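Before any comments, here is the structure.
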Amino acid sequence: MLRLRNVKTYYGTIQALRDVTIEVAQGEIITLIGANGAGKTTTLMSISGLTPPRQGEIFFMDEPIQMLSPEKIVALGISQVPEGRRIFPQLTVRENLEMGAFLRRDRAAILQDLDYVFSLFPVLAERQRQAGGTLSGGEQQMLAISRALMARPRLLLLDEPSLGLAPLVVRQIFAIIRRINKEQGTTIFLVEQNANLALHVAQRGYVMENGRIVLADTAANLLANEAVKKAYLGI
Ligand code: ATP
26 MLRLRNVKTY
36 YGTIQALRDV
46 TIEVAQGEII
56 TLIGANGAGK
66 TTTLMSISGL
76 TPPRQGEIFF
86 MDEPIQMLSP
96 EKIVALGISQ
106 VPEGRRIFPQ
116 LTVRENLEMG
126 AFLRRDRAAI
136 LQDLDYVFSL
146 FPVLAERQRQ
156 AGGTLSGGEQ
166 QMLAISRALM
176 ARPRLLLLDE
186 PSLGLAPLVV
196 RQIFAIIRRI
206 NKEQGTTIFL
216 VEQNANLALH
226 VAQRGYVMEN
236 GRIVLADTAA
246 NLLANEAVKK
256 AYLGI
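Numbering of the sequence shown is given in the numbering used here, commencing with residue 26 and proceeding in unit increments.
As structure tokens, this is what we get:
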């Protein structure tokens with residue numbers, strides 16, 4: 026479904042991604058793990074067109090997308106949930122969700138999707154008329170995921186969904202991520218610093234260091250890998 030081939034992304038003269046090659050099959054949950062500053066967020070931003078690569082190729086459903094605008098990429102079926110949530114704090118919960126569907130014109134289907142995200146996260150239904158900024162951190166993460174789902178993505182890019190949240194809330198959110206993958210068949214590309222958690226949800230994983238992919242394997246093999254255990258699992 027998604028293929029990155031030798032992607033090189035820069036911030037000015039700083040090279041953040043060095044020949045990144047990643048493949049994601051339809052229906053998979055894959056994770057990209059790595060330390061702070063390894064290039065995980067930059068990988069997602071390269072895919073979503075917010076920080077386009079300077080060299081290399083990105084294919085989505087066999088179509089090259091590395092030159093497309095972020096709007097076109099969303100329209101093709103890729104939605105990103107940014108790190109730190111980035112919901113619209115002044116808008117209500119409902120308006121935030123409607124923003125997620127701004128490229129769509131299929132009103133009836135939009136209403137169905139609204140019902141679906143409310144069934145995933147009933148607390149959002151209760152707080153529809155409340156400003157997004159008044160929600161707790163966990164609820165804002167739920168809103169950010171729901172807003173991305175309102176675009177009906179085929180591929181969902183999640184950037185550190187566990188960041189700053191209490192363990193119980195993290196468990197709840199990860200259970201829903203699994204459910205979205207199962208029920209909707211949505212492919213999930215998960216970036217996480219919490220490698221242990223990520224490798225228990227994903228089927229496969231990539232490990233990134235200094236802008237390079239240094240390991241790619243099944244999640245089970247990565248969990249058993251001595252170098253991964255030492256560097257990322259604290260075992
Ligand atoms: P984190 O977990 O802290 O978000 P990350 O693995 O997602 O880390 P990136 O945010 O992708 O890493 O950063 C990769 C590299 O690019 C780092 O060296 C970072 O300092 C640099 N970088 C990121 N954003 C910018 C920017 N806007 N301008 C300049 N350099 C940047």
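Every residue gets a Cβ at the ideal spot worked out from N, C-alpha and C, and that includes glycine.
Since the structure is predicted, the reported quantities are computational estimates derived from the model, not experimental observations.
| query | Hey, leucine 42 and glycine 64 are a contact pair by Cβ (cut 8 Å); roughly how many whole angstroms apart? | reply | Indeed, because the Cβ distance is near 5 Å, the residues count as touching under 8 Å.
| request: State the Cα-Cα distance for the pair valine 117 and methionine 175, rounded to the nearest angstrom. | output: Just to set this straight, residue 117 is threonine in the shown sequence, not valine. Approximately 15 Å, taken between the alpha carbons.
| Per DSSP, what kind of secondary structure is proline 107 in: helix, strand or coil? | Residue state, collapsed to three classes: coil.
| message | Let me check you understand the geometry: is the CB of tyrosine 141 closer than 7 Å to at least one non-hydrogen atom of the ligand ATP? | response | Not under cutoff, so the answer is no.
| Got a sec? Which residues, its chain only, sit under 6 Å from valine 142 by beta carbon, not counting five neighbours each side? | Answer for valine 142: Ser171, Leu174, listed in chain order.
| Buried or exposed (CB count within 10 angstroms, at least 16 for buried), isoleucine 112 | By the Cβ-count criterion, isoleucine 112 is buried, with 16 or more other Cβ atoms from all chains shown falling within 10 Å of its own Cβ.
| query | If you count every other CB in all the chains shown that lies within 10 Å of the CB of glutamate 151, and 16 or more means buried, which is it? | reply | Exposed is the call here.
| field | DSSP bridge partner residues for lysine 97 (one or two, in chain order) | value | Answer by DSSP bridge pairing: none, since lysine 97 is not bridged.
| field | 4 or more residues per run - each alpha helix (DSSP H) lying fully within the segment 58–95 | value | If we require 4 residues or more, the alpha helix (DSSP H) runs fully inside the segment 58–95 come out as 65–73.
| query | Hey, is threonine 243 close to the ligand ATP, as in C-beta under 7 Å from one of its heavy atoms? | reply | Because no heavy atom of the ligand ATP lies under 7 Å away, the Cβ of threonine 243 does not count as near it: no.
| query | Any chance the CB of isoleucine 39 is under 7 Å from a heavy atom of the ligand ATP? | reply | Relative to the ligand ATP, the beta carbon of isoleucine 39 is positioned inside 7 Å of a heavy atom.
| task | Counting only runs of 4+ residues fully inside the segment 159–187, write out the alpha helix (DSSP H) ranges in chain order. | result | Within the segment 159–187, the alpha helix (DSSP H) runs of at least 4 residues that lie entirely inside it are, in chain order, 162–174.
| Where do the ends of the alpha helix (DSSP H) carrying glutamine 51 lie? | DSSP places glutamine 51 outside any alpha helix (DSSP H), giving it a letter other than H or E.
| message | To the nearest angstrom, how far is the alpha carbon of serine 144 from that of glutamate 88? | response | Answer to the nearest angstrom: the Cα atoms are 33 Å apart.
| query | If you run the structure through DSSP and keep just helix, strand and coil, what is glutamine 228? | reply | Coil, per DSSP.
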